[in-house]
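S.K.: First, the structure itself, so that you have it in front of you.
Residue numbers (this note's numbering): 66 to 545.
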């Protein structure tokens with residue numbers, strides 16, 4: 066899906082197509098889309114919206130793979146006494162996402178992962194080891210990082226990663242390919258970035274390798290090459306992740322930082338785009354404006370207003386694995402009404418509320434990187450979070466996903482920490498939502514909103530995420 070099609074998602078669908086879509090009669094919806102596209106009276110802008118909707122409709126069935134009976138069987142593998150009545154109850158309470166397909170209810174493909182993650186009773190009944198949040202390795206690591214930050218005023222880590230993309234054999238063609246792999250860009254928490262190696266190298270077997278400029282909103286290393294055999298593309302890079310501690314209960318001059326660091330924060334500025342709507346998702350709809358006013362109340366201090374927005378997102382919107390973002394027409398409103406969302410949905414909701422209230426806010430995303438990942442999984446995971454600007458403090462961070470997890474588990478110290486701060490375990494490649502890739506892709510991206518894992522396309526067409534193997538390997542992680 067390209068950017069023009071994405072922006073068109075803010076436009077309403079014709080009612081007959083909308084009815085067919087939510088009845089799950091996708092074949093009828095596509096037939097009607099074709100009729101509208103063939104009709105000379107249909108405006109071009111509506112045709113763009115319908116072309117986008119065709120892509121949405123074709124993706125939905127893959128995001129909702131299970132009938133009721135199949136979903137029940139999945140849970141009963143771990144919980145034999147789990148009943149259909151319980152399944153229906155979770156569906157009614159909005160804890161299991163669903164749609165109709167050809168008149169039959171289907172649950173979200175990752176519904177069980179969500180239940181186990183956010184429903185402790187389900188995890189216990191499934192026989193999964195679920196320690197108290199405050200006793201897990203991940204939480205201990207975050208608390209150790211916070212202790213270092215409280216002692217030193219910051220935390221620093223040198224991180225060395227390799228990002229890799231390889232096509233599945235079924236997707237391989239002897240054809241020219243364009244590959245983008247995300248790499249870190251200089252930001253408040255990212256320093257001393259070095260692109261160390263690529264494969265292929267520039268000029269190797271005719272490959273054209275371009276290291277994206279540091280000013281790019283979504284920074285990548287791109288590869289263009291005529292493929293004669295299937296081989297991986299990878300980039301190896303290192304950087305210093307530096308996270309200063311901000312105590313949001315204290316004035317800027319009272320922060321435990323050097324005078325130089327305080328002066329640097331005071332000198333930070335924001336872009337006008339950090340206050341703007343970005344269609345289709347960062348929009349000041351009537352719902353967003355009403356909720357913004359309700360949460361903000363009579364408060365005028367930007368820091369306190371942002372804290373109210375953070376509290377709302379972390380305490381009211383429960384974590385849930387999501388279907389493809391471009392199948393959602395307006396993400397913050399979806400989260401506000403449905404009271405659920407993953408890290409990106411929560412970050413976008415916070416950003417939209419801030420901008421609606423006149424507080425500059427922006428997207429930051431890439432990877433979550435920590436010794437835990439290196440020891441247990443061997444690779445970094447994808448993650449999204451937010452930044453917001455307050456005069457005197459400069460740019461601050463808000464990780465509503467980590468904060469919400471801490472809140473639900475009663476760890477109020479970490480809940481408070483993730484308003485204003487992160488930890489050192491991040492690789493930030495993007496500082497804007499829906500940022501264009503450079504060089505531009507000819508076909509729509511598999512993830513048109515963000516770039517954390519990599520994108521690829523042939524000259525004859527784009528490639529889906531399930532046609533590529535994309536990994537992020539931790540090679541070194543050390544504190545300094």
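Where a beta carbon is used, it is the ideal one built from N, C-alpha and C, also for glycine.
Considering only C-alpha positions, which residue in the set 432, 96, 430 and 317 is nearest to residue 459?
M.R.: Nearest option by C-alpha distance: 317.
S.K.: Report buried or exposed for residue 495, applying the criterion of at least 16 other Cβ atoms within 10 angstroms of its Cβ.
M.R.: buried
S.K.: By DSSP, does residue 528 sit in helix, in strand, or in coil?
M.R.: In the structure shown, residue 528 sits in coil (DSSP, three-state: anything other than H, G, I, E or B).
S.K.: Just the C-alpha distance for residue 524 and residue 294, rounded to the nearest angstrom, thanks.
M.R.: 16 Å
S.K.: Less than 8 Å between the C-beta atoms of residue 401 and residue 356, yes or no?
M.R.: yes
S.K.: Any contact between the region 493-513 and the region 269-283? By contact I mean 3 or more CB pairs, one from each, below 8 Å.
M.R.: yes
S.K.: List the DSSP bridge partners of residue 588.
M.R.: Summary: the structure shown does not reach residue 588, with the chain confined to residues 66 through 545, and so no result is reported for it.
S.K.: Just the C-alpha distance for residue 246 and residue 516, rounded to the nearest angstrom, thanks.
M.R.: 8 Å
S.K.: Does the Cβ of residue 108 have 16 or more other Cβ atoms within 10 Å, making it buried, or fewer, making it exposed?
M.R.: exposed
S.K.: Report yes if the C-beta distance between residue 395 and residue 350 is below 8 Å; otherwise report no.
M.R.: yes
S.K.: Specify whether the region 90-99 and the region 128-142 touch according to this definition: at least 3 beta carbon pairs, one from each stretch, less than 8 Å apart.
M.R.: no
S.K.: For the beta strand (DSSP E) holding residue 256, just list the boundary residues, first then last.
M.R.: Element bounds for residue 256: 255-264.
S.K.: Tell me, please, whether the region 482-489 touches the region 309-324 by the rule of three or more beta-carbon pairs shorter than 8 Å.
M.R.: yes
S.K.: Quick one: is residue 252 buried, meaning 16 or more other Cβ sit within 10 Å of its Cβ, or exposed?
M.R.: buried
S.K.: Look at residue 182 and residue 384 and say whether their C-beta atoms are less than 8 Å apart.
M.R.: Judged by beta-carbon spacing, residue 384 lies within the 8 Å limit of residue 182, meaning their Cβ atoms are closer than that value.
S.K.: Assuming residue 53 contacts residue 419 (C-beta within less than 8 Å), just tell me the rounded distance between them.
M.R.: Nothing about residue 53 can be read from this structure; the chain reaches only from 66 to 545.
S.K.: Check whether the Cβ atoms of residue 177 and residue 89 sit closer than 8 Å, and answer yes or no.
M.R.: no
S.K.: By the 10 Å Cβ neighbour count, where 16 or more other Cβ atoms means buried, how is residue 162 classified, buried or exposed?
M.R.: buried
S.K.: Quick one: what does DSSP say residue 547 is sitting in, helix, strand or coil?
M.R.: Only positions 66 to 545 of the chain appear in this structure, which leaves residue 547 out of reach.
S.K.: Would you kindly check if the distance between the Cβ of residue 479 and the Cβ of residue 208 is under 8 Å?
M.R.: yes
S.K.: Check whether the region 352-371 touches the region 227-247, counting contact only when three or more Cβ pairs, one atom from each stretch, lie closer than 8 Å.
M.R.: They do not touch, by the three-pair rule.
S.K.: Helix, strand or coil for residue 511, going by three-state DSSP, please let me know.
M.R.: Taken through DSSP and simplified to helix, strand or coil, residue 511 comes out as coil.
S.K.: Thinking C-beta only, is residue 435 closer than 8 Å to residue 519?
M.R.: no
S.K.: How about residue 429 and residue 378: are their beta carbons less than 8 Å apart?
M.R.: Not closer than 8 Å, so no.
S.K.: Between which two residues does the alpha helix (DSSP H) containing residue 536 stretch?
M.R.: First-last for residue 536: 533-544, but that is the beta strand (DSSP E), not the alpha helix (DSSP H).
S.K.: Helix, strand or coil for residue 367? Go by DSSP, reduced to three states.
M.R.: Of the three classes helix, strand and coil, the one that applies to residue 367 here is helix, per DSSP.
S.K.: Using the Cα positions of residue 83 and residue 416, report the straight-line distance between them to the nearest angstrom.
M.R.: Our two residues, residue 83 and residue 416, have alpha carbons roughly 29 Å apart in a direct line.
S.K.: Please name the residue in 535, 531, 321 and 522 whose C-alpha comes closest to that of residue 239.
M.R.: The candidate whose alpha carbon is nearest that of residue 239 is 522.
S.K.: From the DSSP output, in three-state form, read off residue 314 for me.
M.R.: Correct three-state label for residue 314: coil.
S.K.: Reducing DSSP to helix, strand and coil, say where residue 106 ends up.
M.R.: Residue 106 falls in the coil class under three-state DSSP.
S.K.: Count the C-beta pairs between the region 113-120 and the region 144-156 that are closer than 8 Å, then say yes if the count reaches three, no if not.
M.R.: no
S.K.: Whole angstroms are fine: how far does the CA of residue 219 sit from the CA of residue 440?
M.R.: With a pLDDT of 47 at residue 440, under the threshold of 50, the modelled position of this residue cannot be trusted, and the question is left open.
S.K.: Report all residues from its chain with a CB closer than 7 Å to the CB of residue 398; omit the five preceding and five following residues, and keep chain order.
M.R.: 350, 352 and 353
S.K.: Flag residue 308 as yes when its Cβ comes closer than 7 Å to any non-hydrogen atom of the ligand MG, and as no otherwise.
M.R.: In terms of ligand content, the structure shown is empty, and the ligand MG therefore cannot be addressed.
S.K.: Could you give the DSSP three-state label for residue 346: helix, strand or coil?
M.R.: coil
S.K.: So the alpha helix (DSSP H) residue 229 belongs to, where does it begin and stop?
M.R.: Note, residue 229: premise wrong, no alpha helix (DSSP H); beta strand (DSSP E) at 219-232.
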